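Chemist: I'd like to ask you about the structure that follows.
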Amino acid sequence: MNPLESLASEAARLDAADPLTPLRGRFHHPDPLTPGGDHIIYLTGNSLGLQPRSARRALEERMVQWDSMAVRAWHDADWMDIEASLAELMAPIVGANPAEVAVGGSLTANIHHLMATFYRPADGRTKILMEADAFPSDQYAVASQVDWHGLVPSAEVVMVEGDDDAVLEAIEIHRESLALVLLAGINYYTGRVFDMGRISAAARSAGATVGLDLAHAAGNVPLRLHDWNVDFAAWCGYKYLNGGPGAPAAFFVHEQHHGTEAPRLAGWWGHDPASRFLMPDAFSPAPGAAGWQISTPSVLALAPLEASLSLFREVGFERLVARSRRLTAFLDRAIQEALGTRVRVLTPPERGAQLSLKVEGGRTTFERLSAAGVVCDWREPDVIRAAPVPMYNSFGEMVEFCERLGASLPDS
Ligand SMILES: *Cc1c(COP(=O)(O)O)cnc(C)c1O
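Terminal number for the sequence shown in our numbering: 414, no gaps in between.
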């Protein structure tokens with residue numbers, strides 16, 4: 003039997019045996035490229051998660067509340083409590099107490115807001131450590147913050163290339179001058195997961211604060227933000243959390259900073275709800291991470307996210323993680339068995355759902371693969387990123403992916 007045939011029969015057995023396989027039917031899947039064409043293999047849940055079928059109804063309900071109750075719905079429906087109930091759903095996914103999580107805003111803006119509190123360059127502690135190949139938005143945010151404080155980014159931003167050890171070594175080297183360590187939990191390019199607990203402990207013992215951008219980690223890998231003593235974290239709602247394009251984001255502020263006197267950028271939605279509508283002149287923060295909220299929540303935009311988070315709770319995040327590990331390991335093995343040396347997996351074993359693949363034929367291979375109905379993502383110069391999502395991708399699709407990728411490689 004050729005490797006693809008035996009992998010296909012193994013995948014069929016795995017799909018039949020896994021109690022989570024039917025979850026796939028709880029999502030809308032994109033249409034084939036041509037009517038009646040091959041089904042789309044969607045491996046881009048790390049960029050935009052698929053739509054849960056329950057999202058439309060959830061949004062429709064909010065629309066009906068708006069048309070039938072208008073402003074009364076803030077009190078007569080549950081609008082005033084939406085953020086708190088979403089924080090409840092979100093907290094177990096990131097390993098936090100509900101009071102440490104707030105839902106709203108957008109990822110890069112939230113990073114800026116939180117840096118206002120947690121990046122306070124002073125007394126020779128001015129530097130920010132981040133990964134050399136961090137997501138561009140994070141690089142722009144960090145450089146502009148340094149600049150805004152009247153400092154020079156090229157002097158203050160320490161870019162670290164490499165793995166956990168490289169980060170730990172850089173923390174040691176800059177021990178005296180480090181103000182903040184700001185890392186992605188998972189590097190978006192390689193898919194490598196950092197040892198966030200160890201890095202956080204080292205950064206704090208050096209006297210720096212620690213922030214995490216969890217865009218690629220939230221809803222993907224297990225996180226223990228509270229136990230790791232991370233100072234703050236932020237993530238978006240539209241990648242693995244399936245909240246919809248540009249969905250509201252979320253952030254974490256560790257309990258030990260609640261009630262802090264440290265400066266923050268305030269808005270009325272961060273004001274203590276007990277007196278928010280008395281419109282007092284002086285700002286008095288809400289207890290917990292909610293005290294860093296700024297503006298009125300987007301009730302409509304939160305609806306699909308709420309539907310999605312309810313599905314996470316229904317299934318249980320640990321079960322999803324267990325399935326994710328098996329699914330990604332199967333894809334890794336299938337690639338090696340079916341495609342050998344023509345495709346190389348760059349992602350190390352410390353990983354979540356994403357594999358970054360170095361492919362022969364570069365961009366042409368990617369274009370052929372896309373034309374064959376595989377939705378994945380391309381990064382210059384020769385890397386394809388594929389993210390099998392345990393909620394809606396199947397073992398069978400991993401084999402089909404290898405088949406279509408094999409057929410897209412240059413003729414050898
Ligand atoms: C996706 C992603 C972003 C996107 O930020 P937005 O403010 O939501 O546009 C930022 N940083 C990282 C690491 C990401 O993966």
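Here a beta-carbon is modelled for each residue, glycine too, at the ideal position from N, C-alpha and C.
These figures come from a predicted structure and were not determined experimentally.
Using the C-alpha atoms, what's the distance from Ala104 back to Ala305?
Modeler: Ala104 has its alpha-carbon roughly 15 Å from the corresponding atom of Ala305.
Chemist: Considering Thr211, what are the terminal residues of the beta strand (DSSP E) in which it resides?
Modeler: Unbroken beta strand (DSSP E) run through Thr211: 211 to 215.
Chemist: For Pro412, collect the residues of the same chain with a Cβ closer than 8 Å to its Cβ; drop the 5 residues on either side in sequence, then sort them by chain order.
Modeler: Glu362, Gly363, Thr366, Thr367
Chemist: On the three-state DSSP scale, how would you describe Asp69?
Modeler: helix
Chemist: Closest by CA to Gly107, which one among Cys238, Tyr121, Asp69?
Modeler: Cys238
Chemist: May I ask which residues mark the beginning and end of the alpha helix (DSSP H) holding Val96?
Modeler: Its alpha helix (DSSP H) spans residues 84 to 96.
Chemist: Taking just the CA atoms, how far does His31 sit from Ala252?
Modeler: 26 Å
Chemist: Do Gln147 and Met117 have their C-beta atoms within less than 8 Å of each other?
Modeler: yes
Chemist: From the DSSP output, which residues share a beta bridge with Val255?
Modeler: Phe234
Chemist: Out of curiosity, what's the CA-to-CA distance linking Arg200 and Val212?
Modeler: Rounded to whole angstroms, Arg200 to Val212 spans 11 Å at the Cα level.
Chemist: Alpha carbon to alpha carbon, how far is Leu109 from Asn4?
Modeler: 46 Å
Chemist: In terms of DSSP beta bridges, what is Phe332 paired with?
Modeler: For Phe332, which the question treats as bridged, DSSP gives no partner whatsoever.
Chemist: Decide if the stretch 374 to 386 is in contact with the stretch 240 to 248; the criterion is three or more beta carbon pairs, one per stretch, under 8 Å apart.
Modeler: no
Chemist: If you follow the beta strand (DSSP E) that Ala181 is in, where does it begin and where does it stop?
Modeler: 180 to 186
Chemist: Write down every uninterrupted run of the beta strand (DSSP E) in the stretch 118 to 187 whose length is 3 residues or greater and which is fully enclosed by it, in chain order.
Modeler: Here the runs fully enclosed are 129 to 133, 159 to 162, 180 to 186.
Chemist: How far does the beta strand (DSSP E) with Arg381 in it reach, from first residue to last?
Modeler: 379 to 381
Chemist: For the beta strand (DSSP E) that Ile386 lies in, which residues bound it at each end?
Modeler: 385 to 388
Chemist: Using C-beta distances below 6 Å, list every residue in its chain close to Ser326, excluding the 5 sequence neighbours before and after it, in chain order.
Modeler: Ala355, Pro392
Chemist: Identify the residues that DSSP records as bridge partners of Ile43: which are they?
Modeler: For Ile43, which the question treats as bridged, DSSP gives the partners Val376.
Chemist: Which residue's Cα is closest to the Cα of Arg114: Asp165, Asp149, Leu322?
Modeler: Residue identity differs from the one stated: residue 114 is His in this sequence, not Arg. The residue with the shortest Cα to Cα distance from His114 is Asp149.
Chemist: For the alpha helix (DSSP H) that contains Leu280, what are its first and last residues?
Modeler: From DSSP, Leu280 is part of no alpha helix (DSSP H); its letter is neither H nor E.
Chemist: Can you tell me whether Ala249 is helix, strand or coil according to DSSP?
Modeler: coil
Chemist: Taking any heavy atom of ligand 1 as the mark, which residues have a C-beta closer than 6 Å to it, listed down the chain?
Modeler: Ser108, Leu109, Thr110, Phe137, Ser139, Asp140, Ala186, Tyr190, Asp215, Ala217, His218, Cys238
Chemist: Roughly how far, in whole angstroms, is the beta-carbon of Arg206 from the beta-carbon of Asp165, given that I think they are within contact range, below 8 Å?
Modeler: That pair is no contact at about 20 Å.
Chemist: Which residue comes first and which comes last in the alpha helix (DSSP H) that contains Leu304?
Modeler: 301 to 317
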